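Final position of the sequence shown in this note's numbering is 496; the numbers increase by one with none missing. Backbone N, C-alpha and C fix where the C-beta goes; we use that ideal spot for every residue, glycine too. Note that this is a predicted model, so its numbers are computed, not measured.
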Amino acid sequence: MRFAKEMAFYSAYHQEKRNVLIHVLGVPTITFTLFVVLSRFSLFEYNGFNVSASLVFTLAVLGYYYTLDVLFAFVATLVFGGLYVTSEWITAQLPASTAWTIFGLGQVIGWGAQFYGHFIFEKSRPALFDNLFQALVSAPLFVVADVFFELGFRLELKAAVEAELKQRGVWKDFSHKHA
Numbered sequence: 318m319r320f321a322k323e324m325a326f327y328s329a330y331h332q333e334k335r336n337v338l339i340h341v342l343g344v345p346t347i348t349f350t351l352f353v354v355l356s357r358f359s360l361f362e363y364n365g366f367n368v369s370a371s372l373v374f375t376l377a378v379l380g381y382y383y384t385l386d387v388l389f390a391f392v393a394t395l396v397f398g399g400l401y402v403t404s405e406w407i408t409a410q411l412p413a414s415t416a417w418t419i420f421g422l423g424q425v426i427g428w429g430a431q432f433y434g435h436f437i438f439e440k441s442r443p444a445l446f447d448n449l450f451q452a453l454v455s456a457p458l459f460v461v462a463d464v465f466f467e468l469g470f471r472l473e474l475k476a477a478v479e480a481e482l483k484q485r486g487v488w489k490d491f492s493h494k495h496a
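Put into structure tokens, the structure is as follows:
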């Protein structure tokens, strides 16, 4: 199962629940602020519609997500759609300095929180040191999956990811850490 194999790389670095929760908040923050900056770059106009770097990036990433898992990709489309529309609104309504400030603060807070989660709770370095693509492109989809798993949905897929982690010898048991 391709999704389980792809997510297993990400999940090897994200098994402690508090670290996962930090990522559920931090990854969308990073993604949103990246959209804010990419929205500042207009590539061309089509029938009065501005095609920004943010739109192209969003469509490319979502296209990739649909090759991995349709349900998770659909949910990511809803989330990304909201982030994209908001970022485009910010670009249209607010000065460039505000967009860059939002980007800077969001990146520092998002990445800082995630580094904290990795070093304090997970006791390991972040995945971005080993695979930048997974950290920047795949992480939002895997965060969607983590939320589904935590809510008790798609547990057969969660089990497949965990089996893949165990097969690779990177499974960590944090169940004794906290209830």
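CA-to-CA distance, tyrosine 363 to threonine 350, given in whole angstroms: Spanning the alpha carbons of threonine 350 and tyrosine 363 requires a straight line of approximately 25 Å.
Using only the alpha-carbon positions, how far apart do phenylalanine 366 and glutamate 405 sit? Note on geometry: alpha-carbon atoms of phenylalanine 366 and glutamate 405 lie some 12 Å from one another.
Tell me whether tyrosine 384 is buried or exposed, calling it buried when 16 or more other Cβ atoms sit within 10 Å of its Cβ. In the sequence on display, residue 384 carries threonine and not tyrosine. Classification for threonine 384: exposed.
Sort Met318, Arg319, Phe326 by Cα distance to leucine 485 and report the nearest one. Looking at the sequence itself, residue 485 is arginine, so the reference to leucine does not match. It is Phe326 whose Cα lies nearest to the Cα of arginine 485.
Starting from glutamate 272 and walking both ways along the alpha helix (DSSP H), at which residues does that stretch end? With the chain running from 318 to 496 in the structure shown, residue 272 is simply not present.
Take alanine 496 and list the residues in its own chain whose beta-carbon comes closer than 8 Å to its own, dropping the five residues that flank it on each side. The pLDDT assigned to alanine 496 is 46, lower than 50, so where the model puts this residue is not dependable, and the model offers no usable value.
As a quick exercise: from Lys440, Leu395, Thr348, Val478, pick the residue whose alpha carbon is nearest that of phenylalanine 374. Among Lys440, Leu395, Thr348, Val478, the Cα nearest to that of phenylalanine 374 is on Thr348.
Whose C-beta lies closer than 8 Å to the C-beta of threonine 415 among residues of the same chain, with five residues either side of it excluded? Ile407.
Tyrosine 401 beta carbon less than 8 Å from that of phenylalanine 352: Between phenylalanine 352 and tyrosine 401, the CB-CB gap stays under 8 Å.
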